[in-house]
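Using our numbering, read the sequence shown as starting at 621 and increasing by one per residue.
Note that CB positions come from ideal geometry on N, CA and C, so glycine has one too.
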Amino acid sequence: MTGSLTETGASMPRQGRELGQKIRREMGRAIAAFDQIQNDDRILVAVSGGKDSLCLLHFLSELKRRAPVRFDLIAVNVDQGQPGFPARTLPTLFREWGVQFHIETQDTYSIVLEKTPEGKAYCSLCSRLRRGILTSVARRLDCNKLALGHHREDLVHTFLLNALYSGKLGTMPPIYEVAEGGLSVIRPLCSVPESWLAEYARMAGWPIIPCNLCGSQAGLRRAKVRELLNTLEKNDPEIRNSLFAALGNVHRNELLDRSLWSQNVPRRGPGAEQDLV
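Set out below in structure tokens:
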């Protein structure tokens, strides 16, 4: 099932249509809460061919047709020269969907293999190179926004990775401006659960393109964090919701970074420590 966006929605089973509504609502809340899209935006949608980026393009395209805000979209795929990459799949899908698109071909695959030390993850360098290419393409195509398909679990995993391996508190921001200015990165799916996207893409029958580069590596830190979270969830099904909620519920005076304190020495009332044990 790879027809137009309208056909995809119409041919969905009831469960798929209901799931689509949940995704639309959650994405809409994030767009509104973080002021991600404004009138006359020209948005580059990064599409790798995975479930997340296809869902992002699908739901942004729907939003473009019905939203009171007027904005333009262009789907961009970076063909990084990975062996076996199905180069015709995405252009065919984009044409069927009636989406404006651009394919940027740059061989970063060989650079990643050459520069990554043995036993280290490819993902970090690969994503940095791809992000740099997307930023350059966005400027070349006169886009002022770059939309990425990161979802709720991506933010939670990044938060845990930063805390466990980098000694800092932070995650992927829902919106930020690129250092050079004139271009903002947005993550409209930042609060959407990964499981929703996976199930919707499965029901839609889209041709999903896996990443064979990072997917071939075992023991990656992000995979370990994912496994840890799955283990914790077995005993507490609400663990993901709680961790995600924590990202928007920061108590500045209860951290060790004094620059965040609202006063020189925080004051707390009787029994204030009870929620920490």
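The beta-bridge partner set that DSSP reports for Ser804 consists of Lys765, Glu797. The region 623–670 contains, as complete alpha helix (DSSP H) runs of 4+ residues, the segments 625–631, 634–653 (chain order). With a cutoff of 7 Å on beta-carbon distance, Arg750 and Val812 are scored as not near each other. Just so you know, the alpha carbons of Val665 and Gln883 end up roughly 42 Å apart. For the pair of segments examined, the region 847–860 was found not to touch the region 705–721: the number of CB pairs separated by less than 8 Å stays below three.
In this structure Arg649 is exposed. Its beta-carbon is surrounded by fewer than 16 other beta-carbon atoms within 10 angstroms.
For a cut-off of 8 Å, the C-beta gap from Asp660 to Phe691 is around 7 Å, short enough to register as a contact. The way I'd put it, the region 753–772 does touch the region 800–818; three or more beta-carbon pairs between them come closer than 8 Å.
Around the beta carbon of Thr791, 16 or more other beta carbons lie within 10 angstroms, which makes this residue buried. For Ala821, the enclosing alpha helix (DSSP H) begins and ends at 814–824.
Pairing Asp877 with Cys743, the inter-Cα distance amounts to about 30 Å.
Fewer than three Cβ pairs drawn from the region 677–686 and the region 781–791 lie within less than 8 Å of each other, which leaves the two stretches out of contact.
Rounded to the nearest whole angstrom, the CA to CA distance from Ile651 to Ile657 is 6 Å.
Glu724 is bridged by DSSP to Val698.
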